[in-house]
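Below: the structure, in structure tokens.
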Amino acid sequence: MKAGTLERGCEVDGGRAVSCTGCARPSWGGTVSGTCADVPVVRWSDATLPPGLGICKVHGCKRRARPRRGRAALTPVGLARIVGRTRRSPRRCGPRRRAHSAEGTTGMEALIRGILENIGEDPQREGLLKTPERVAKAWIEITDGYHQDPDAMVRQALFEAEGHEMIVINDIDFFSMCEHHLLPFFGKAHVAYIPGSKIVGLSKIARVVEAYSRRLQVQERMTSQIAHCLQRNLDAQGVAVVLHAQHLCMMMRGIKRQNSFAVTSEMVGVFKDDSKTRSEFLTLIQEKPWN
Numbered sequence: 000m001k002a003g004t005l006e007r008g009c010e011v012d013g014g015r016a017v018s019c020t021g022c023a024r025p026s027w028g029g030t031v032s033g034t035c036a037d038v039p040v041v042r043w044s045d046a047t048l049p050p051g052l053g054i055c056k057v058h059g060c061k062r063r064a065r066p067r068r069g070r071a072a073l074t075p076v077g078l079a080r081i082v083g084r085t086r087r088s089p090r091r092c093g094p095r096r097r098a099h100s101a102e103g104t105t106g107m108e109a110l111i112r113g114i115l116e117n118i119g120e121d122p123q124r125e126g127l128l129k130t131p132e133r134v135a136k137a138w139i140e141i142t143d144g145y146h147q148d149p150d151a152m153v154r155q156a157l158f159e160a161e162g163h164e165m166i167v168i169n170d171i172d173f174f175s176m177c178e179h180h181l182l183p184f185f186g187k188a189h190v191a192y193i194p195g196s197k198i199v200g201l202s203k204i205a206r207v208v209e210a211y212s213r214r215l216q217v218q219e220r221m222t223s224q225i226a227h228c229l230q231r232n233l234d235a236q237g238v239a240v241v242l243h244a245q246h247l248c249m250m251m252r253g254i255k256r257q258n259s260f261a262v263t264s265e266m267v268g269v270f271k272d273d274s275k276t277r278s279e280f281l282t283l284i285q286e287k288p289w290n
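Be aware that the sequence shown starts at 0, since it is given in numbering that gives the first Met the number 0, and climbs by one per residue.
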């Protein structure tokens with residue numbers, strides 16, 4: 000039985016949930032019409048949230064669920080959403096980083112041990128005993144972008160635009176993994192947009208870059224994804240993105256050119272149609288205000 004849900008074995012007294020072994024939520028009032036089953040179908044009437052609904056122990060989330068201001072009553076739809084989040088969606092009730100099962104990490108560790116053996120190493124020697132675990136944790140972190148929603152990041156931080164001049168953010172550091180060789184590439188992103196009716200919080204642009212970089216990528220696609228994510232959510236007059244990056248797959252193998260940079264750009268809207276606007280952006284990203 001999973002914590003945080005009413006299931007078979009819950010103690011119910013007079014139509015009120017009194018306690019549930021393993022249930023993360025404390026006892027609370029509310030008329031129950033329905034049954035406690037393995038997949039709960041519980042309907043509530045006149046139910047209200049206590050000061051704190053409880054701590055979700057399913058995903059280790061320490062955040063308490065509270066009612067929205069001005070809405071003390073918990074509707075059946077609201078309850079269904081809470082139960083659904085607890086049972087199925089660790090991303091929504093936990094921290095930004097997703098929870099990973101021990102089984103999933105163990106599988107990754109086994110693969111790393113296989114790689115070590117195939118290159119002629121001994122995974123049991125002292126220096127490598129913890130290496131599979133460390134590598135698995137590192138891969139979970141550096142591919143976290145698959146479990147982030149860049150569109151939602153932008154939509155939750157929109158404000159009314161008070162001007163329509165170019166907004167530029169220079170030198171956003173990023174690290175990503177080349178999908179061809181599983182080797183890192185890293186560099187800086189330069190992003191600009193000209194607002195339509197909305198602007199977005201500046202930090203969200205850096206978060207969008209991070210979300211797309213923490214995936215298996217090619218630089219060209221990443222550049223396009225950043226630009227079009229901002230364009231479709233801001234409905235801007237135009238968006239411009241330039242990435243400068245070094246690729247270890249070129250620096251430490253193959254052609255072995257340690258001083259080479261790859262530069263990619265994506266121009267949308269007025270940046271694509273108006274050469275003067277495009278030139279202004281390219282000039283601005285060369286300027287260093289502290290020089």
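Where is the CB? At the ideal position from N, CA and C, for every residue including glycine.
These figures come from a predicted structure and were not determined experimentally.
| Asked | Found |
| --- | --- |
| N-terminal and C-terminal residue of the beta strand (DSSP E) that proline 183 is part of | 183 to 193 |
| Selection from Ile204, Asp234 and Ile114 that minimises the alpha carbon distance to valine 225 | In the sequence on display, residue 225 carries isoleucine and not valine. For the residues Ile204, Asp234 and Ile114, the minimum Cα distance to isoleucine 225 belongs to Ile204. |
| Other residues of its chain near glutamine 218: CB distance less than 7 Å, five sequence neighbours each side excluded | Phe184, Leu242, Ala244, Ala261 and Thr263 |
| Where leucine 128 sits in the DSSP three-state scheme | coil |
| Exposure label - histidine 246; buried when at least 16 CB within 10 Å | buried |
| DSSP three-state assignment for glycine 77, whether helix, strand or coil | A caution first: glycine 77 carries a pLDDT of 47, below 50, which makes its placement in the model unreliable, though a value can still be read off. The answer is helix: DSSP assigns glycine 77 an H, G or I state. |
| Collapsed DSSP secondary structure at aspartate 172 in the structure displayed | strand |
| Straight-line gap, arginine 277 to histidine 163 (C-alpha atoms, nearest Å) | 15 Å |
| Nearest-angstrom beta carbon gap, serine 175 and arginine 223 [assumed within contact, 8 Å] | For clarity, residue 223 is serine in the given sequence; the question names arginine instead. The Cβ separation is near 14 Å, so there is no contact. |
| Collapsed DSSP secondary structure at valine 217 in the structure displayed | coil |
| Leucine 201 versus valine 167 - alpha carbon distance | 9 Å |
| Inter-residue CB distance, valine 207 and proline 149 (contact presumed, cutoff 8 Å) | 5 Å |
| Inter-residue spacing [alpha-carbon to alpha-carbon] between threonine 104 and aspartate 143 | 14 Å |
| Check whether serine 259 and methionine 266 have beta carbons under 9 Å apart | no |
| Paired residues, beta bridge with threonine 263 - DSSP | Leu242 |
| Residues that phenylalanine 158 bridges to, as DSSP identifies them | Ile198 |
| Straight-line gap, histidine 227 to alanine 239 (C-alpha atoms, nearest Å) | 9 Å |
| 8 Å CB neighbourhood of glutamine 158 in its chain, flanking five on each side removed | It should be pointed out that residue 158 corresponds to phenylalanine in this sequence rather than to glutamine. Contacts found: Lys197, Ile198, Val199 and Gly200. |
| Alanine 111 to isoleucine 139 span [Cα, whole Å] | The amino acid at residue 111 is misidentified as alanine; the sequence shows isoleucine. Taking the straight line joining both Cα atoms gives about 13 Å. |
| Beta-carbon contacts of serine 234 that lie in its chain and below 6 Å, excluding the five residues immediately before and after | As written in the sequence, residue 234 is aspartate, which differs from the serine given in the question. Excluding positions up to five away in sequence, the list reads Gly195. |
| Reduced DSSP category for glutamate 10 - H, G, I as helix; E, B as strand; rest coil | Confidence at glutamate 10 is low in this model, with a pLDDT of 40, below 50, so its placement is unreliable and no value can be given for it. |
| Glutamine 216 burial status per 10 Å Cβ neighbour count (16 or more: buried) | buried |
| Contact set for aspartate 172: own chain, Cβ-Cβ below 7 Å, skip 5 residues either direction | Lys187 |
| Alpha-carbon to alpha-carbon, glutamine 147 and glutamate 132 | 23 Å |
| Status (buried if at least 16 other CB within 10 Å, exposed otherwise) for glutamine 230 | buried |
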